[in-house]
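Q:
Numbering (the numbering used here), first residue to last: 1 to 137.
(1) Going by alpha carbons, who is nearest to residue 85 out of 63, 108, 118, 51?
(2) Taking only three categories from DSSP, how would you classify residue 65?
(3) Once DSSP output is grouped into helix, strand and coil, what is the label at residue 120?
(4) Compute the Euclidean distance between the alpha carbons of residue 80 and residue 71, then round it to the nearest angstrom.
(5) Between the beta-carbon of residue 67 and the beta-carbon of residue 73, is there less than 8 Å?
(6) Pull up the distance between the alpha-carbon of residue 54 and that of residue 25, whole angstroms please.
(7) Considering only their Cβ atoms, is the gap separating residue 44 from residue 93 smaller than 8 Å?
(8) Determine the burial state of residue 102: buried for a count of at least 16 other Cβ atoms within 10 Å of its Cβ, exposed for fewer.
(9) From residue 111 to residue 69, what does the alpha carbon distance come to, in whole angstroms?
(10) Using a Cβ-Cβ cut-off of 7 Å (strictly less than) and excluding sequence neighbours within five positions of residue 109, which residues of its own chain qualify?
(11) For residue 49, tell me which candidate among 33, 62, 113 has the shortest Cα-Cα distance.
(12) Which of helix, strand or coil does DSSP assign to residue 16?
Here it is, written out as structure tokens:
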């Protein structure tokens with residue numbers, strides 16, 4: 001592992017739950033953009049790789065939900081829909097290419113809402129705040 005990778009890993013490990021969630025949304029968006037570019041280039045290997053990574057990120061977002069919080073149930077349903085959509089996109093490739101902007105829009109909206117809630121509730125990273133946002137801490 002090079003110095004940059006060590007630095008990146010250390011900074012990720014020191015993030016609060018909400019900061020990590022925001023980073024995951026950003027990474028999912030990047031991967032979906034890569035999938036779109038790969039599909040345009042008919043590079044199906046990188047298309048599948050980017051979608052698989054996006055799928056894993058959304059699965060992780062489901063795993064870190066605190067299901068005792070009411071908002072978490074709703075978020076889980078949205079995330080599961082996104083997973084379904086990613087699966088359809090992967091299976092349909094060219095026929096479903098219009099799904100990419102739609103999935104990105106859904107995740108972008110969730111990221112914006114999460115970011116706004118984080119700033120409204122407080123950026124302390126404390127357990128109470130994480131619970132308000134539906135994230136296990």
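Beta carbons are placed, not taken as given, at the ideal position from N, Cα and C, and that holds for glycine. This structure is a prediction, so every number in the text was calculated from the model and none was measured.
A: Let's see:
(1) Residue 85 has its Cα closest to that of 51, out of 63, 108, 118, 51.
(2) strand
(3) helix
(4) 14 Å
(5) yes
(6) 9 Å
(7) yes
(8) exposed
(9) 18 Å
(10) none
(11) 33
(12) coil
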